[in-house]
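Colleague: Numbering (the UniProt record's numbering), first residue to last: 1 to 290.
Take this structure, written in structure tokens, and hold onto it; I'll ask about it next.
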Amino acid sequence: MILITGATGQLGTAVIDQLLQKIPASQITAFVRDETKAAPLLKQGVTLRVGTYDDPDALDSAMQGIVTVLLIAGTDEENRVRQHQNVVDAARKAGVQRIAYTSRALKNPATLVNRLMAGHFQTEEYIKASGIPYTLFQNILYLDAIPQFVGGDAVFERGINVPADQGRVAFALRSEMGEAIANALVNNDESNRTYRLTGCESCSFYDVAAALTDLSVKSVTYTPAEPATFEAQLIGRGLPEVVARRITGFITDIANGQEDIISPDLEKLLGRKPTGLKDGLRVLYKLKQA
């Protein structure tokens with residue numbers, strides 16, 4: 001039995017979609033906050049357990065009979081580490097045989113601008129100290145995040161203005177990360193393993209602009225912006241300040257080289273090369289080759 005937390009989120013959905021192609025639905029349990037939102041999973045035969053990371057009793061109940069837990073990182077900036085610890089504690093108490101966690105691929109936790117990321121490494125250490133055999137998935141930034149970062153379709157009118165300087169990222173699609181994670185979960189892999197899930201090549205936002213130019217009938221340019229100016233623009237587009245600050249932190253970390261990492265792990269788990277930048281952008285923007 002595999003328990004997926006955060007099962008109705010985007011990554012959780014991608015993982016479960018892939019698991020359903022590999023193992024019977026009766027072997028999959030979804031830990032969700034909203035049973036109504038999870039109704040499609042129930043229709044597919046997935047078992048539901050309802051609760052939150054803040055509810056130790058619900059976590060204890062959800063862990064019964066579970067062999068492997070995939071802890072998908074929470075988004076509560078103030079409480080996420082404690083919440084993750086609650087999940088690990090419940091897994092240990094129930095005798096779970098393996099815990100997996102979706103972390104982040106970053107070069108130097110000590111110099112991060114986006115401090116939200118520090119919680120990932122604190123969680124990793126807690127998992128390692130728990131004594132439960134573990135699998136850590138250190139994920140690179142989703143290629144899917146590019147439209148949000150650059151302003152969606154407006155990029156074709158005003159170009160790209162983000163504070164990434166010449167920083168590079170080995171972007172990968174969320175759906176392929178979900179597929180790779182599912183493959184690892186169903187394999188009888190050795191315990192205490194860390195995977196770095198990245199694309200096969202690192203790209204700058206100059207490369208993003210060039211790819212969008214090739215895929216469209218318009219010239220897309222990239223002009224590096226100042227972090228404060230960029231954050232103000234995001235707020236001006238209607239994003240909450242906390243989200244704008246988080247995105248600015250992500251991109252400033254890119255400028256500082258935090259995500260310039262290439263690993264073969266995603267390709268190995270997929271059994272093929274991950275989707276590259278141009279093909280990924282074609283899908284995300286629904287573009288055809290110009």
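The beta carbon of each residue, even a glycine, is placed where N, CA and C say it ideally should be.
Please read all numbers here as calculations on a predicted model, not as lab measurements.
In chain order, what are the residue ranges of uninterrupted alpha helix (DSSP H) at least 4 long that sit wholly in the segment 36-97?
Modeller: Runs found: 39-43, 56-62, 80-94.
Colleague: Please check the pair residue 38 and residue 30, which I expect to be a contact at CB under 8 Å, by giving their CB distance rounded to whole angstroms.
Modeller: Yes, residue 38 and residue 30 are in contact; Cβ-Cβ is about 6 Å, under 8 Å.
Colleague: Enumerated in chain order, which unbroken segments of the beta strand (DSSP E) with a length of 3 residues or greater are wholly contained in the segment 250-277?
Modeller: None, since the segment 250-277 contains no complete beta strand (DSSP E) of that length.
Colleague: Confirm, please, whether the CB-CB distance from residue 161 to residue 230 is below 8 Å.
Modeller: Yes; because the gap between Cβ atoms is below 8 Å, this pair is in contact.
Colleague: Give a yes or no on whether the C-beta atoms belonging to residue 220 and residue 159 are separated by under 8 Å.
Modeller: Yes, the pair counts as a contact, with Cβ atoms nearer than the cut-off.
Colleague: Output the distance between the C-alpha atoms of residue 62 and residue 49, rounded to the nearest integer angstrom.
Modeller: Rounded to whole angstroms, residue 62 to residue 49 spans 6 Å at the Cα level.
Colleague: How big is the Cα-Cα spacing for residue 52 and residue 210?
Modeller: Their Cα atoms are separated by approximately 43 Å.
Colleague: Whole angstroms is fine: what's the gap from residue 20's alpha carbon to residue 154's?
Modeller: Cα to Cα, residue 20 sits roughly 37 Å from residue 154.
Colleague: From the DSSP output, which residues share a beta bridge with residue 21?
Modeller: Per DSSP, none; premise fails for residue 21.
Colleague: Excluding the 5 residues preceding and the 5 following residue 235 in the sequence, name in chain order all residues of the same chain whose CB lies nearer than 7 Å to its CB.
Modeller: Contacts found: 241, 244.
Colleague: Could you give the DSSP three-state label for residue 205: helix, strand or coil?
Modeller: DSSP places residue 205 in helix when its eight states are reduced to three.
Colleague: So, with DSSP's three-state summary, where would you put residue 141?
Modeller: Reduced to three states, the DSSP call for residue 141 is coil.
Colleague: Buried or exposed for residue 111, going by 16 or more other Cβ atoms inside 10 Å?
Modeller: Counting Cβ neighbours within 10 Å, residue 111 comes out exposed, since fewer than 16 surround it.
Colleague: In the structure shown, what three-state DSSP assignment does residue 4 receive?
Modeller: It is a strand residue.
Colleague: Classify residue 199: buried if its beta carbon has 16 or more other beta carbons within 10 angstroms, exposed otherwise.
Modeller: So residue 199 ends up on the buried side.
Colleague: Can you grab the Cα-Cα spacing for the pair residue 65 / residue 59, in whole Å?
Modeller: Roughly 12 Å separates the two Cα atoms.
Colleague: Just the Cα atoms here: how many angstroms apart are residue 23 and residue 269?
Modeller: Each residue's alpha carbon lies about 17 Å from the other.
Colleague: Just the C-alpha distance for residue 133 and residue 98, rounded to the nearest angstrom, thanks.
Modeller: C-alpha separation (whole angstroms): 5 Å.
Colleague: Would you list the one or two residues that DSSP bridges to residue 136?
Modeller: Beta-bridge pairing links residue 136 to 101, 194.
Colleague: At what residues does the alpha helix (DSSP H) containing residue 28 begin and finish?
Modeller: From DSSP, residue 28 is part of no alpha helix (DSSP H) but of the beta strand (DSSP E) over 28-32.
Colleague: Please report the straight-line C-alpha distance between residue 279 and residue 88, rounded to a whole angstrom.
Modeller: Going from the Cα of residue 279 to the Cα of residue 88 covers about 38 Å.
Colleague: Rounding to the nearest angstrom, what Cα-Cα distance links residue 288 and residue 149 in this structure?
Modeller: Taking the straight line from one Cα to the other gives about 21 Å.
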